[in-house]
Each structure stands twice: as structure tokens, then as C-alpha cells.
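Report on the following structure.
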Amino acid sequence: MNMVKDPVCGMMVDEDKSLRMFYQGEAWYFCSDLCRHGFLENPERFVERLDSSISDLGEISRRIAYFSMEVGVDSDMPIYSGGLGILAGDTLKSCADLKVPMVGVSMLYANGYFDQKLDEWGNQQELPMTWDPARLARRLRVTTQVPIENRIVTVQAWQYDIVGATGFTVPLILLDTNVNGNAVFDRELTTWLYGGDERYRIAQEIVLGLAGVRMLRALGYTELQRFHMNEGHAAFLAIKLLEEQGNRGGSDWDFSGIRKKCIFTTHTPVSAGHDRFSYDLVRQVLTEPLPLELIQMLGGKDQLNMTYLALNMSDYINGVAKRHGEVAQEMFPGYSIDSITNGVHSVTWTSESFKALYDRYIPGWRNDPFGLRHAISIPKQEVWDAHVEAKTRLIEEVNRRTQLSFNNDVLTLGFARRATPYKRADLIFFDPDQLAEIAKTVGPIQLIFGGKAHPRDGGGKDMIRRVVQFARQFKNDISIAYLENYDIALAKLLTSGVDLWLNTPHRPLEASGTSGMKAVHNGIPNFSVLDGWWIEGHIEGVTGWSIGPRTPTQSETGDQEDAQELYQKLRTVIVPMFYQERDQWINVMRQSVAFNASFFNTHRMVQQYAVNAYV
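Numbering (our numbering), first residue to last: 131 to 745.
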């Protein structure tokens, strides 16, 4: 449901159920014919009122700006690639629910991330996605400009309103360079998420950080006190804040004053997640009036490292799980790094059947997910019935997409996340004959996979091909499906409809992981490597099961040890419990909700940010 404001009466209306008309190329929504006719009598009056309200909103009530290269709030708005974007969207949703005075800033990607097509051998093809921004957001009348390669690039903005449970709105500002008068290269800077070469990427990050701050100023957000960088992509905003403050003479820059305004959340120990640019490229592209030696001082002497720029200009820095905070501290020993464990937006990721169940037994859970601890006392049969309903929807969709014959009564494992080597999607096939033997002698198993590989991630694409190859090889023993285009809509089906959520990354590379958190909101136990959030959420046999030790091992030996423990627990504990001890299985389901969903949610996470970083 996308709620927007009627410009005449000011009431919130559902886009899909309201009256719509277009004026000057923008969509307007009305609760009634009365308001629509009132608008038609004098449209400019209401347009001016809207522009004024945007300015007033910024000046009066917004204190925190949240910058993220990607944001996932709606399946029909494909401006996210995976966990980072979903986390950003869930954060903004909880801020809206909790009335946190925030404004979000990201980019409007005309072609989205990409439309994933897999052939019969698992070869991935990337195609543009088509979507209509005007159907989901409204174009604002304000523009700003930013210099790139000594050209002036005009940036316009769209606004998507995230409406909370009580009607409070968090605006998401989406930057767009597809403006008449811009050079072709510049117009395409907001075409692809994570697309192009390094020149394209640094130009995108200039738009996000520099033009993002300028756009907020132009829209009237003049009282902002905190700038939260969700990863290093937005670190140029600190350069912009320094430039605004100006040199007070000689080398007397107010680094401390700007630093107190900035918050940085780092999300990955993986090297590819920390953008680096040569200073030859920086000289060519970044033409803001700041000395290069100043940027080198803050971002690294030999190359511009966006993570170091963010680290050096932030007063509060955090990892996204307790273990990740420790890993990040080891990676960056000169900085004080805290941790705030990620969460998910409870209402978004809870299936309809479990929402109805919680509404009956835990009133108020929607705005206080901590109440989900009471799920421990929900009648077992009702928990199972809600799960069967969600599982039926998933199995029907899988069979529709794949022409396979997945069975509702078979133990179904789900594995869906970004396809990249360290996630080890194929670990369960380390000894495929052993897996097939378990399915034949202990109990049948079904596997559902999903996830996109970055267009330049050859290892990730190989991973998809291997899973598809195993699916073909063992089709007579185990039903295996790899679903295309893992997005918000498919994630909702998968994380609520499988029986067991599988996660097998190399330790300690899983900074947090949030897909398993989505699963527990639907009573799905986790079967996961002890890394990221699962170290905190895992209680063996109570909330799920672990794979391997807590400490990292050499990769080849580690793969073998992890795979053998995976098979051993499937054979002796998990499969027998599912088929022979259903009552105990439902206990684990209820405990997953009570112990994990009640804590691993963005309401708790945002409250921690408010106390530790925003105040």
C-alpha cells in the first residue's frame, strides 16, 4: 500500500484506490471528486502549497539526513540490489513508525539494478528494468547543480513518502540527472545502480554526496544536525559540509565541528565493498573547490578510499553486528568502532497469515515488536496452520515459475541472497551423493535458491551455474529450483514459506545478514554458519542450528568440516525432527519468533541509533 497526501484536503489516501489525474506531467491523487474538482479550479494554488509545505517540513521537523546509495522500499521501485538497500528501506520505515525526524537521500535509477534472466545452464543475463517513477514518487520543482569534470550537472529530485503506522511521513529524496541540458554521460549517471566503470561510479558518488547535500539545502532542510552515511558511497557529503563551512584561514578547517555531524555505518569486511579511486581520476572528475591535499589527508595518500574518508570525518562509527564490530575494529585499529546489530521492519517481512496470528494473540506488536516474545504461548496448531498457509503460497509460485512439482509436505530449505563466492551457495552440494542419500533414507528434501550476481562478479555467476548444474544432475532425487530476480516480493514469499533458512558464508565475512531475521518473523528456524547476527541469535536446538565453529578456518578444510556438520545435523537432528517430532519442530518455530524476531527488528535498531548516535 502506497499512501500519498491529497493536496486539497491533506488526508492520506491509497494510490491504488484514490482518484488520479496528471497535471504538468506529475501524478496527483485525491480522496474524492470534491477534492479533484477543487484542484482543477486553481491547480497552481495547491502546487504552491505543496512546495511550501516541503520547505516548512525540512526547516521545522527534520534533524537527521540518511544517505544510502540504494534503498529498498517497494518491489516496483528497483533502486536496490540486496541487503544494504533493504536495510536502508527498513530503517526509514521504522523511523516513520517511531516518528524519528529523518529525511532519506538516494538515487533514482531509471534502469534499476538489472532484470536477471537465467538460461537452462544457469548463465545469467542482465537486462534493463522498466518502471515508471511518476507512479510511485512525485517530481519536485527544485533543482540543484554540481560540477563534474568541470561541467555543470543539473540534478532534479523526486520524493517518495514513507508513511508510518501513525501517519508520520519520512520523505525519501531521489536524485536524478536525466535533465535536459546535461551531457549524455551526465544524464545517464542515475540510469544504473552500481553500473559502469570507475569514472561512472565516482561521478555517481559525487551526485549522491555533494548534490545530495545541496538538494537538501535547496528543499529547505536547513536545520539538519546529523548526516548518517549508510556505507562509504556517500562520504563526499563530508567534503561538501567542509566546503560549506569554509576555511577559517590557513589550515584552520573546522574538522571537529563537521565530524560531530557525521555518522558512519560500515557493512562489510569484504574488500570489494570499500570503494577506492586513483587520484588521477579524482583530479579529473571531482572539481569541488577543496585542495587535493585536504582530500588526501582525509581519504588516503595513495588513493581515495571512501571508507577512510567516512571514518576520518565521522564522530560515531559502527558495525552491524557485535562480531562485525570486532572485525571492523581489527580492520581499522585507529578508530573507535561501536556495533549496532541490524534488524528488519517487522510488519513488512511478516506474512499475512502470521500478521493475523499476531494480531489475535499479541495486540500492539506492529509498533512494538518486542511484544513478539509472547509468541512462545501461541497455540502450536495455529502456528503450524499459519505456516502451512504461507508455504502453500510459496510452493504454488515456485511451481508456476519453474514447471516443477514441489510438494507442500516435503521439508523445504531456502537459500537466497546476493550470489558471490564467499556466500557459498553451493556448500550443501559439497558431497551431493551424501545429500541425496539423506533425502532417500531419512526424509525427502526440497531446495529453493535465489539471488543475483553482480554483472562483473564472475565467481558469483559461476556459483549460480553450479547450483543449476546440481539441480539438473539430481532432479530424480531432490527437487531444486533457482528462481530468477530475487527481489522484495520474492523474498517475502521465500522467507515466510520455506521450512528452514540456510546460510553458509565463509567466516568472518558475513557482517550481519538480515534474510534470516525475516525468516524468524514467520517462525522459520535458521540453519546457519556462526557469523554475523546468528552468533547473537543462535541457541542450539532452541532457535535453530549452527554449522561449524565460531572461529574462521582455512577455506578448503573449512568447507569440508562445515559441509560434514551440515550433513550430520540434517541426518540426525533436523530431518527426523521435521517428519517425526512435529510438536518439537513447532516449539523451535515459536522460540525463533519469541527470542529472535522480538529483538532483531529495525524498531529496536533505530532506537539504539537514536540513543547512541542521533542525540
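For each residue, glycine too, the CB sits at the ideal point set by N, CA and C.
So residue i is in the alpha helix (DSSP H); what residue range does that whole segment cover?
i	result
Tyr709	Val705 to Gln710
Gly627	Ile618 to Gly627
Ser476	Ser476 to Trp479
Tyr488	Glu482 to Tyr491
Ala264	Pro263 to Leu266
Val665	Before going further, note that residue 665 is Ile rather than Val in the sequence given. Residues Trp664 to Gly667.
Arg413	Tyr409 to Val415
Phe657	Note, Phe657: premise wrong, no alpha helix (DSSP H); beta strand (DSSP E) at Asn656 to Val659.
Ser386	Phe385 to Arg389
Leu367	Phe366 to Gln375
Gly342	Gly342 to Ala348
If we call anything under 8 Å between Cβ atoms a contact, is residue i one with residue j?
i	j	result
Gly234	Leu222	yes
Val540	Pro562	no
Phe657	Leu613	no
Arg389	Pro638	no
Asn241	Thr296	no
Cys161	Val134	no
Ala348	Val272	yes
Leu238	Leu304	yes
Arg720	Gly653	yes
Thr284	Gly325	no
Arg281	Asp316	yes
Ser642	Val450	yes
Asp274	Ala333	The sequence shown places Thr at residue 274, rather than the Asp named in the question. No, these two residues do not count as a Cβ contact at 8 Å.
When you compare only the Cα positions, how much space is there between residue i and residue j?
i	j	result
Gly379	Pro263	Low per-residue confidence applies at Gly379: pLDDT is 47, beneath 50, and the placement is therefore not dependable, though the value from the model is reported in the following sentence. If you take the alpha carbons of Gly379 and Pro263, they lie about 45 Å apart.
Gly473	Gln738	11 Å
Trp251	Ala611	12 Å
Leu416	Asp592	36 Å
Asp204	Thr571	43 Å
Phe176	Asp136	10 Å
Tyr616	Arg595	16 Å
Glu279	Gln414	6 Å
Val528	Glu519	15 Å
Glu189	Ser408	The pLDDT assigned to Glu189 is 43, lower than 50, so where the model puts this residue is not dependable; a value taken from the coordinates is nonetheless given after this. Approximately 38 Å between the Cα atoms of the pair.
Leu338	Phe152	29 Å
Glu482	Tyr491	14 Å
Leu422	Phe244	35 Å
Gly387	Ala365	16 Å
Leu270	Gly674	48 Å
Asn360	Ala218	8 Å
Val477	Lys229	16 Å
Gln406	Gln714	One point to set straight first is that residue 406 is Arg, not Gln, in the sequence displayed. Rounded to the nearest angstrom, the two C-alpha atoms are 50 Å apart.
Trp261	Gly202	14 Å
Lys648	Asp410	43 Å
Pro258	Lys247	11 Å
Asn742	Ile470	9 Å
Ile525	Ser626	11 Å
Gly590	His358	30 Å
Arg503	Gly494	12 Å
His475	Ala740	16 Å
Quick check on the DSSP output: the beta strand (DSSP E) that includes residue i runs from which residue to which?
i	result
Cys98	Within the shown structure, residues of the chain are numbered from 131 to 745, placing residue 98 beyond reach of any answer.
Asp306	Thr299 to Asp306
Met359	Arg356 to Asn360
Ile332	It is not in any beta strand (DSSP E) - Ile332 instead sits in the alpha helix (DSSP H) that spans Glu328 to Ile336.
Ser645	Run containing Ser645: none in the beta strand (DSSP E); it sits in the alpha helix (DSSP H), Ser645 to Val650.
Ser642	Unbroken run through Ser642: none, as it is neither H nor E.
Can you look up residue i in the DSSP assignment and give me helix, strand or coil?
i	result
Phe160	strand
Pro499	helix
Met443	coil
Thr274	strand
Ala546	strand
Ser722	helix
Asn529	helix
Glu423	helix
Leu534	coil
Asn615	coil
Thr320	coil
Thr284	strand
Tyr290	strand
Lys135	strand
Glu279	coil
Gly455	helix
Gly403	helix
Quick one: does residue i have its CB under 8 Å from some CB of chain D?
i	result
Phe357	Of the protein chains in the structure, only one exists, and it is not chain D.
Task: Length at least 3, wholly inside the stretch 191-252: the beta strand (DSSP E) runs in chain order - done: 194-198, 232-237 and 245-248
Open item on the list: What ranges does the beta strand (DSSP E) occupy inside the stretch 551-588, keeping only unbroken runs of at least 3 residues that lie completely in it?
Closed with: 575-580
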